[in-house]
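Residue numbers (the numbering used here), protein chains in the order written: chain S, 1 to 265; chain G, 1001 to 1265. So the structure is just underneath, and the comments pick up after that.
2 protein chains.
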Amino acid sequence: MGRITGTTRLLAVLGDPIEQVQAPALVNPLLDRLGRDAVLVPVHVRPDDLAEVVGGLRRIRNLDGLLVTVPHKIEICRYADELAPAAAFTGSANALRREPNGRWRADNFDGVGFVRGLRAAGHEPRGRRFALVGAGGAGAALAAALLENGAAHLSVCDTDAGRLDALLRRLDERWPGLATGSAVPRIEDADIAVNATPLGLRPDDPLPFDPAALRPDGVVADIIMKPPEPRLLRAAAALGLAVHRGIHMLDHQLECYADYFGLGR
Amino acid sequence: MGRITGTTRLLAVLGDPIEQVQAPALVNPLLDRLGRDAVLVPVHVRPDDLAEVVGGLRRIRNLDGLLVTVPHKIEICRYADELAPAAAFTGSANALRREPNGRWRADNFDGVGFVRGLRAAGHEPRGRRFALVGAGGAGAALAAALLENGAAHLSVCDTDAGRLDALLRRLDERWPGLATGSAVPRIEDADIAVNATPLGLRPDDPLPFDPAALRPDGVVADIIMKPPEPRLLRAAAALGLAVHRGIHMLDHQLECYADYFGLGR
């Protein structure tokens, strides 16, 4: 870390829990390499406190932007003055910045980060069939980005029928007939099965789906970053399946964030 | 700076302007040496935004305390749940922390830091006569600490008659007859003349008082830390007077903060 002084600009990442967030450990060395007098700090905020914390943070004059993670990605949109297309489509955001006119704009880089990460790992999404578990903020972002990037079919699963239906309706408006939904995971027909739920953050969480149901040449992806190998990926690897870690999504979001916050490359 | 991760605890220093604050550059190396997974960040907050910013910061679960500087030291007391004696006496605070019961407690280390700094520089306050310019938060803290530590007399000056009278009444209740007040600086009879106003932060500020009026063996002290040699101290030095910089006060507050925030030594 560079030296923090009174001139240092602030970025903050909001989450609950916060201990597992990888962004500070990844972004701060980037800021250092770029010679920026700025620092990204972790901010632990409970859902009930989100309005007051964001209201306060927005008024900090040397704070230029926010990253947002579980469970605040949907609710945070209420506190933005405007939504970029990816945030508007998904109803969720993971980055906010103060515009030159003082307004706060929210965007969502989960989807583009995930797709870039898949491609970098050799898993081109175009023409592939996906099973996506979790229709929350991250799930919606991934769904839209996968279809935007040519996925042949998307099966979305969520235990919350209202949330699932709402996402499917929005997907169907833009990509008619390409997405279907279910209350239980349907991964048998998928090339790539993706966990976009928080299941796996805690060691005793149940598996979001059973990787044994996937075809032998399938890929199991998880967006959870801590632990780096959640139970799902360990189980998948034990079955001989290819696995794709959550860190790839964040790695490839870094360049999105750098652009968004004007950090250059 | 140590590595900032999701587990890093936060401290913040609040001010307006913020660029001049020295606390981050001093406290962060201390945290590093102590091996603490914590960071102190500068927070620029305008007076009109103080309530909302502090309301938000208090609800950040990994934020353990606040330092407070110009111009918020008085107003901040409204947002504490309890006041330590030095904060209650002066009506101003420069440190708040979350107590184990969740309440926020405010304290004031300006006075004790200033007195410790004077002593370390060989200027024992006991039995000396002081002229103090500025009856705001810092001025009140210095006044109480100087009298508490045996100053023989204190002449306090402030252009705000109401603020000056309120301070003199509180001082007189506790140290009858030792403090007098005036609307213009009276430094002719002082051994040590102290600037406790913000005058000098900006290059074109007028001098808070004319050091030429001080006796030749007098000491001119300033609490302003940036620039390190404000116009007042340059003028005093040019007259051959001993000068005492603002940084001494902060240097000696560091041990107070370390104790207050449970950082050990």
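Ideal Cβ positions, reconstructed from N, Cα and C, are used throughout, including at glycine.
Straight-line CA distance for PHE209(S) to PRO1100(G)? Counting from 1 along the first sequence, the entry for residue 209(S) is found at position 209. Counting from 1 along the second sequence, the entry for residue 1100(G) is found at position 100. If I take the Cα positions, the gap works out to 41 Å.
Considering only the beta carbon of each residue, do ARG1103(G) and GLY1065(G) sit closer than 9 Å? Looking up residue 1103(G) in the second sequence gives position 103. Looking up residue 1065(G) in the second sequence gives position 65. Result no, Cβ atoms of ARG1103(G) and GLY1065(G) do not sit closer than 9 Å.
Identity of the residues DSSP links to VAL70(S) by a beta bridge: To locate residue 70(S), count along the first sequence from 1; it is residue 70. In DSSP, VAL70(S) forms no bridge with anything.
Own chain residues within Cβ distance below 8 Å of ASP16(S), not counting five before or after: Within the first sequence, the letter at position 16 stands for residue 16(S). The answer, listed in chain order, is HIS44, VAL45, ARG46, PRO47, VAL70, PRO71, HIS72.
If the cut is a Cβ gap below 9 Å, which residues of chain G does PRO24(S) touch? One-based indexing of the first sequence puts residue 24(S) at position 24. Chain G residues near PRO24(S): ARG1003, ILE1004, THR1005, GLY1006, THR1008.
contact_flag[the region 1154 to 1163 of chain G, the region 1106 to 1124 of chain G] where n(CB pairs < 8 Å) is 3 or more: Counting Cβ pairs under 8 Å, fewer than three are found: no touch.
Spatially closest choice to LEU40(S) from ALA212(S), ASN28(S), GLY136(S), by CA coordinates: Here the question's residue 40(S) lines up with position 40 in the first sequence. Answer by Cα proximity: ASN28(S).
For the alpha helix (DSSP H) holding ALA12(S), just list the boundary residues, first then last. Translated into the one-based positions of the first sequence, residue 12(S) becomes position 12. Run containing ALA12(S): none in the alpha helix (DSSP H); it sits in the beta strand (DSSP E), 9 to 15.
Cβ distance (whole Å) where GLY127(S) is taken to contact GLY111(S) below 8 Å: The residue labelled residue 127(S) in the question sits at position 127 within the first sequence. The residue labelled residue 111(S) in the question sits at position 111 within the first sequence. Not quite, the Cβ-Cβ distance comes to about 18 Å (not below 8 Å), so this is no contact.
Selected residue, minimal CA-CA separation from LEU254(S), among GLU19(S), PRO24(S), ARG3(S): Numbered from 1 along the first sequence, position 254 holds the residue referred to as residue 254(S). Closest option to LEU254(S), judged by alpha-carbon separation, among GLU19(S), PRO24(S), ARG3(S): PRO24(S).
Under 8 Å from the C-beta of GLN20(S): neighbouring residues of chain G: Locating residue 20(S) in the first sequence gives position 20, counting from the first residue. What GLN20(S) touches in chain G: GLY1006.
Compute the Euclidean distance between the alpha carbons of TRP1175(G) and GLY1035(G), then round it to the nearest angstrom. Numbered from 1 along the second sequence, position 175 holds the residue referred to as residue 1175(G). Numbered from 1 along the second sequence, position 35 holds the residue referred to as residue 1035(G). Roughly 43 Å separates the two Cα atoms.
Could you round the C-beta distance between ALA1106(G) and ALA1084(G) to whole angstroms and report it? I think they count as a contact, below 8 Å. Residue 1106(G) sits at position 106 when you count from the first residue of the second sequence. Residue 1084(G) sits at position 84 when you count from the first residue of the second sequence. The beta carbons of ALA1106(G) and ALA1084(G) sit about 7 Å from each other, so the pair counts as a contact at 8 Å.
Please specify which runs of the beta strand (DSSP E), each continuous and at least 3 residues long, are wholly inside the region 1070 to 1144 of chain G, giving them in chain order. Within the region 1070 to 1144 of chain G, the complete beta strand (DSSP E) runs of at least 3 residues are 1095 to 1098, 1104 to 1107, 1129 to 1133.
Ends of the alpha helix (DSSP H) at GLY162(S)? Taking the first sequence and counting its residues from 1, one reaches residue 162(S) at position 162. Run containing GLY162(S): 161 to 174, per the alpha helix (DSSP H) assignment.
Here's a check: name, in chain order, each residue in its chain whose Cβ is nearer than 7 Å to the Cβ of MET225(S), leaving out the five neighbours to either side. Taking the first sequence and counting its residues from 1, one reaches residue 225(S) at position 225. Counting only residues of its own chain and dropping the five nearest sequence neighbours on each side, MET225(S) has a CB closer than 7 Å to the CB of GLN20, GLN22, GLY246, ILE247, LEU250.
Check whether LEU50(S) and LEU14(S) have beta carbons under 9 Å apart: Here residue 50(S) is taken as the residue at index 50 of the first sequence, counted from 1. Here residue 14(S) is taken as the residue at index 14 of the first sequence, counted from 1. Going by C-beta atoms, LEU50(S) is nearer than 9 Å to LEU14(S).
Taking any Cβ of chain S, which residues in the region 1039 to 1068 of chain G have a Cβ under 8 Å from it, in chain order? So the close ones are VAL1039, LEU1040, VAL1041, PRO1042, VAL1043, HIS1044, VAL1045, ARG1046, ASP1049, GLU1052, VAL1053, VAL1054, GLY1055, GLY1056, LEU1057, ARG1059, ILE1060, ARG1061, ASN1062, LEU1063.
Among ALA1012(G), LEU1232(G), ARG1059(G), GLY1091(G), whose alpha-carbon lies nearest the alpha-carbon of LEU1207(G)? Position 207 of the second sequence, counted from the start, is the residue given in the question as residue 1207(G). Measuring from the Cα of LEU1207(G), the nearest candidate turns out to be LEU1232(G).
Quick check: the region 176 to 192 of chain S against the region 77 to 96 of chain S, are there 3 or more CB pairs under 8 Å? Counting Cβ pairs under 8 Å, fewer than three are found: no touch.
As a quick exercise: from VAL1068(G), GLU1052(G), ASP1032(G), pick the residue whose alpha carbon is nearest that of ARG1012(G). In the second sequence, the residue the question calls residue 1012(G) occupies position 12. A small correction: the amino acid at residue 1012(G) is Ala; Arg does not occupy that position in the sequence shown. ALA1012(G) has its Cα closest to that of VAL1068(G), out of VAL1068(G), GLU1052(G), ASP1032(G).
ILE247(S), DSSP secondary structure in three states: Here the question's residue 247(S) lines up with position 247 in the first sequence. ILE247(S) falls in the helix class under three-state DSSP.
Sub-9 Å separation of ILE1192(G) and PHE1130(G) beta-carbons: For the purposes of this step, residue 1192(G) is taken as residue 192 along the second sequence, with counting starting at 1. For the purposes of this step, residue 1130(G) is taken as residue 130 along the second sequence, with counting starting at 1. In this structure, PHE1130(G) lies closer than 9 Å to ILE1192(G) by Cβ.
Partners in chain S for ASN1028(G), counting only beta-carbon separations shorter than 7 Å: Residue mapping note: residue 1028(G) aligns to position 28 of the second sequence, counting from 1. By Cβ distance, chain S contributes ILE4.
Output yes or no for whether 9 Å exceeds the beta carbon distance between PRO203(S) and THR1005(G). Taking the first residue of the first sequence as position 1, residue 203(S) is located at position 203. Taking the first residue of the second sequence as position 1, residue 1005(G) is located at position 5. Contact flag unset, no.
May I have the straight-line CA-CA distance separating ASP1032(G) from LEU132(S), to the nearest angstrom? Looking up residue 1032(G) in the second sequence gives position 32. Looking up residue 132(S) in the first sequence gives position 132. For ASP1032(G) and LEU132(S), the distance between alpha carbons rounds to 43 Å.
By the 10 Å Cβ neighbour count, where 16 or more other Cβ atoms means buried, how is ASP1217(G) classified, buried or exposed? Translated into positions along the second sequence, residue 1217(G) becomes position 217. The residue is exposed, with fewer than 16 neighbouring Cβ atoms inside 10 Å.
Kindly say whether LYS1226(G), judged by its beta-carbon, lies nearer than 9 Å to any beta-carbon of chain S. Counting from one through the second sequence, the residue named residue 1226(G) turns up at place 226. Closer than 9 Å to some Cβ of chain S, the Cβ of LYS1226(G) qualifies, so yes.
Ends of the alpha helix (DSSP H) at GLY55(S)? Taking the first sequence and counting its residues from 1, the one referred to as residue 55(S) is at position 55. Unbroken alpha helix (DSSP H) run through GLY55(S): 50 to 58.
Helix, strand or coil: how does DSSP classify ASN1062(G) here? Working through the second sequence from its first residue, we reach residue 1062(G) at position 62. Residue state for ASN1062(G) is assigned as coil, using DSSP reduced to three classes.
By how many angstroms is the C-alpha of LEU146(S) removed from the C-alpha of ASN108(S)? The residue labelled residue 108(S) in the question sits at position 108 within the first sequence. The residue labelled residue 146(S) in the question sits at position 146 within the first sequence. Note on geometry: alpha-carbon atoms of ASN108(S) and LEU146(S) lie some 14 Å from one another.
Go through its chain and collect everything with a Cβ distance to TYR79(S)'s Cβ below 6 Å, but skip five positions before and after it. Here residue 79(S) refers to the residue found at position 79 when the first sequence is read from its first residue. Result list for TYR79(S): VAL54, in chain order.
Counting only beta-carbon atoms, is GLY35(S) nearer than 9 Å to chain G? As a first step, residue 35(S) is located in the first sequence; it is residue number 35 there, counting from the start. Not one chain G Cβ lies under 9 Å of GLY35(S).
Output yes or no for whether 9 Å exceeds the beta carbon distance between ALA86(S) and ALA144(S). Taking the first residue of the first sequence as position 1, residue 86(S) is located at position 86. Taking the first residue of the first sequence as position 1, residue 144(S) is located at position 144. Judged by their CB atoms, ALA86(S) and ALA144(S) are nearer to each other than the 9 Å cut-off.
Chain G contact for ASP81(S) (CB, 9 Å cutoff): In the first sequence, the residue the question calls residue 81(S) occupies position 81. No, ASP81(S) lies away from the interface with chain G (no Cβ there is under 9 Å from its Cβ).
Might you give, ordered along the chain, the residues of its own chain that have their beta carbon closer than 6 Å to the beta carbon of THR8(S), omitting 5 neighbours on each side? Looking up residue 8(S) in the first sequence gives position 8. For THR8(S), where only same-chain residues beyond five positions count, the Cβ hits under 6 Å are ASP37, VAL39.
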